[in-house]
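Protein chains in written order, with the UniProt record's numbering: chain A, 1 to 195; chain B, 1 to 195; chain C, 1 to 195; chain D, 1 to 195. All remarks here apply to the structure that follows.
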DNA sequence: CATGAATGAGTTTTCATTCAT
DNA sequence: AATGAATGAAAACTCATTCAT
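Printed below as a string of structure tokens:
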């Protein structure tokens with residue numbers, strides 16, 4: 001007992017499934033990752049996956065729920081703040097941190113939109129984005145400033161997956177992306193506030 | 001003769017396959033669209049598809065090649081221009097038009113990145129984007145301004161698929177998106193030129 | 001007219017189909033050679049093949065009929081000869097020549113027995129072999145001598161396709177094979193005649 | 001429980017697949033035997049076959065590996081013996097026994113050479129034959145005696161599938177074939193030893 | 001003498017899922 | 001907490017063949 005083979009501290013399996021699944025989903029996409037592949041990576045049988053999760057989709061949902069917690073907290077916080085410039089800037093910073101903290105998940109969401117769209121997490125994610133939008137955007141702002149805010153959001157997203165292909169220091173890149181995004185919401189806020 | 005059922009103006013089939021395939025690919029994603037589905041939509045057999053295209057991927061490639069022609073022309077034009085602000089703004093305008101002119105295709109590219117990545121069009125598209133980047137970005141500009149240019153590009157992309165979910169006049173939206181993107185390259189250019 | 005493209009002296013096509021088909025059948029096997037492949041090798045369409053031959057099998061049958069003519073002549077000759085040793089030796093020589101004269105065909109027959117068995121040429125070939133056997137074998141000879149005669153036949157066959165993998169001068173090999181085969185019928189004849 | 005339908009002694013399926021597959025492969029050929037046919041013969045689904053074997057080819061490979069074991073043992077034995085006449089005769093006897101012990105498999109190999117050639121078992125079998133050749137053939141023997149040895153081998157092969165079409169007592173036939181083959185290696189050995 | 005367009009029936013293979021043990 | 005065995009549905013693709021032109 002406590003043998004070499006059984007190293008795996010028990011109770012661990014669920015977490016290990018999530019980890020491997022996310023890695024594969026992010027690397028290959030959801031549809032191209034089969035449960036067989038996940039099981040083999042873990043050296044368990046497919047049936048074992050079904051002991052821990054009801055369906056393939058459930059695995060993904062559970063990952064999303066676990067990893068998007070910080071984002072949810074951010075939104076909850078933002079909702080109670082005044083629509084001030086500081087709040088908006090803090091939201092941008094927070095979102096950037098949330099993305100960085102669960103990069104594989106968000107990269108997955110980016111790259112598998114068509115698939116994600118008709119999975120349960122599709123709506124979950126969409127509603128988070130709407131929440132962010134409602135915090136950032138002033139409904140009375142003109143269209144251009146509204147677009148600036150949305151653009152700020154997508155700048156952060158794109159920063160994750162596009163800049164990977166670019167030369168240059170990653171830390172410097174992240175900072176630059178954050179600056180551009182912050183700039184955009186600031187311009188948007190000024191435009192509206194000044195009018 | 002010339003019956004109702006046989007309406008099918010001959011020679012038409014290849015084009016009809018491309019049309020239906022693109023519509024389905026954009027709507028459901030590449031993997032979730034089966035050749036059976038495409039064939040049934042057209043009221044032909046699967047084998048007929050294989051008469052016109054060697055593989056499923058080939059259908060997609062042919063669509064991409066046909067529809068990305070304007071983008072290619074734009075790049076060819078841009079390569080020979082001076083790296084002036086006017087050129088950059090014209091590139092943004094042109095890219096916006098190219099996207100609008102083949103919206104379903106580019107929406108598809110956006111939403112199926114994980115899939116597209118290991119299809120032939122993955123590299124084709126990537127290299128187009130690199131070309132655009134090289135035209136827009138001044139290699140001596142600082143990181144922030146470089147990010148601004150890339151952001152301009154993605155603003156246009158995101159404009160296509162995100163704004164669909166937004167209320168408001170589509171034409172006004174498109175104009176706003178274009179303005180934000182133009183603004184970004186302008187700022188980037190000023191920053192660099194002024195330094 | 002008499003243009004560069006149409007070089008192909010007309011009327012030739014049927015023959016060209018047979019040639020290419022035999023080459024491919026021998027190289028890859030009957031089932032693994034598709035009509036598409038044959039057509040493409042000839043730079044014509046599949047439908048063109050159907051102008052010249054009713055079915056895939058028909059192509060093969062026509063090849064067999066054309067190329068097995070010498071064998072048929074040999075058998076016809078042998079049937080009218082006395083069952084002397086000279087006759088038997090001549091049959092062996094003749095069969096060797098027939099095989100050499102249509103090597104790809106007979107190699108094909110060797111290597112595709114399972115397939116050939118339920119094609120029309122299966123029975124055609126089988127009956128030729130029975131004819132040869134009846135000429136070579138004395139029904140009153142003992143089993144061992146009968147086997148010697150059959151072995152002589154198969155020695156020639158095997159000589160074609162096995163020796164290809166062997167080092168050594170091909171001509172010397174062919175001569176050696178012929179000598180062994182001749183030896184076998186001679187022994188068989190002596191055994192029977194001497195008894 | 002223990003119902004008539006569920007007879008299937010569990011754990012049995014893999015073996016049953018191999019048995020049925022070999023029977024069908026030998027009877028109809030590899031290409032003309034579909035997995036559907038095998039599955040239906042066993043009253044399981046196609047997918048069940050894939051639970052036990054990764055590909056169609058794997059089924060064949062596994063059969064070959066299981067059934068060619070005695071041949072491998074024979075070769076292993078032969079390699080360590082002196083190149084004496086007794087050794088050679090024993091090899092012939094042993095090969096005859098090996099063929100008889102797995103007649104359907106070797107018949108299959110005979111009749112599907114074109115197919116087998118580009119499957120993994122093609123090379124496996126070829127190398128076994130080369131091993132046998134190296135044991136039987138004296139490299140200093142003249143070509144004719146070398147051919148005699150090879151012919152001995154093919155006599156045994158041909159004995160299996162040709163004699164099926166012949167009248168006469170099968171046991172007597174087998175004995176006769178063995179005698180002819182033994183005779184051939186003996187002649188070959190004498191020729192070389194005497195020189 | 002040949003092509004362009006298409007079909008129907010089939011192939012091997014893969015997948016998410018189930019369930020008795 | 002997991003496995004071994006299996007399934008039903010579907011996928012992409014191939015092939016010999018047909019026929020109007």
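Ideal placement from N, C-alpha and C gives every residue a C-beta, glycine not left out.
For residue 148 of chain B, the residues of chain A that pass the 8 Å Cβ criterion are 180, in the order they occur in the chain. Looking from the CA of residue 87 of chain B, the closest CA among B:46, B:138, B:124 belongs to B:138. Using a Cβ-Cβ cut-off of 8 Å, residue 151 of chain D counts as an interface residue toward chain C, since at least one Cβ of chain C sits closer than that to its own. In its chain, beyond the 5 residues on either side, 98, 128 have a beta carbon closer than 7 Å to the beta carbon of residue 71 of chain A.
If you draw a straight line from the Cα of residue 20 of chain A to the Cα of residue 54 of chain D, it comes to about 24 Å.
In the same chain as residue 141 of chain D, and ignoring 5 residues on each side of it, the C-beta atoms closer than 6 Å to its own belong to 192, in chain order.
Scanning chain C for C-beta atoms nearer than 7 Å to the C-beta of residue 111 of chain D yields 113, 114, reported in chain order. Apart from the 5 residues on each side of it in sequence, residue 109 of chain A sits with its Cβ closer than 7 Å to the Cβ of 116, 125 in its chain, given in chain order. The continuous stretches of alpha helix (DSSP H) do not include residue 30 of chain D, and DSSP gives it neither H nor E. Of the candidates C:150, C:25, C:171, the residue whose Cα lies closest to the Cα of residue 59 of chain C is C:25. Judged by DSSP in its simplified three-state form, residue 123 of chain C adopts helix. One alpha carbon belongs to residue 103 of chain A, the other to residue 22 of chain A, and they sit about 11 Å apart. The residue among D:45, D:162, D:32 with its C-alpha nearest the C-alpha of residue 13 of chain D is D:45.
Contacts with chain C at 8 Å (Cβ-Cβ) do not include residue 192 of chain D. Rounded to the nearest angstrom, the gap between the Cα atoms of residue 61 of chain D and residue 112 of chain D is 14 Å.
For residue 124 of chain B, no CB of chain A lies under 8 Å from its own CB, so it is not counted at the interface with that chain. Short of 7 Å from the beta carbon of residue 39 of chain A, and not among the five residues preceding or following it, lie these beta carbons of its own chain, in chain order: 45, 46, 48, 49.
Assignment of alpha helix (DSSP H) within the stretch 47-88 of chain C, counting only whole runs of 4 or more residues, yields 56-67, 69-79 in chain order. Setting aside the 5 residues that flank it on each side, residue 94 of chain D is surrounded in the same chain by 74, each with a C-beta closer than 6 Å to its C-beta; the list follows chain order.
In this model, residue 159 of chain D and residue 174 of chain D are separated by some 7 Å (Cα to Cα). Cβ-Cβ separation between residue 144 of chain C and residue 76 of chain D: approximately 31 Å, too far for a contact (criterion under 8 Å). With 16 or more other Cβ atoms from the protein chains shown falling within 10 Å of its own Cβ, residue 29 of chain B counts as buried. In the three-state reduction of the DSSP assignment, residue 137 of chain D falls in the coil class. Rounded to the nearest whole angstrom, the CA to CA distance from residue 182 of chain A to residue 16 of chain A is 37 Å. Taking a 10 Å sphere around the C-beta of residue 168 of chain A, we find fewer than 16 other C-beta atoms and assign the residue as exposed.
Following the DSSP letters along the chain, one finds residue 163 of chain D in no alpha helix (DSSP H), marked with neither H nor E.
For residue 162 of chain A, a Cβ of chain B is located within less than 8 Å of the residue's own Cβ.
Exclusion of the five residues before and after residue 149 of chain C leaves 136, 137, 185, 188 as the residues of its chain whose Cβ lies within less than 6 Å of its Cβ. Taking a beta-carbon distance threshold of 8 Å, residue 154 of chain D counts as an interface residue toward chain C.
Contact between residue 106 of chain C and residue 154 of chain D does not hold, since the beta-carbon distance rounds to 15 Å and is not under 8 Å. In this structure, the beta-carbon distance from residue 37 of chain B to residue 119 of chain B does not fall below 8 Å. Of all residues in the UniProt domain "HTH tetR-type" (11-71) of chain B, the ones placed with a Cβ closer than 8 Å to any Cβ belonging to chain A are 28, 29, 30, 31, 32, in chain order. The three-state secondary structure of residue 191 of chain C, taken from DSSP, is helix. In the structure shown, residue 97 of chain B falls within a helical segment according to DSSP collapsed to helix, strand and coil.
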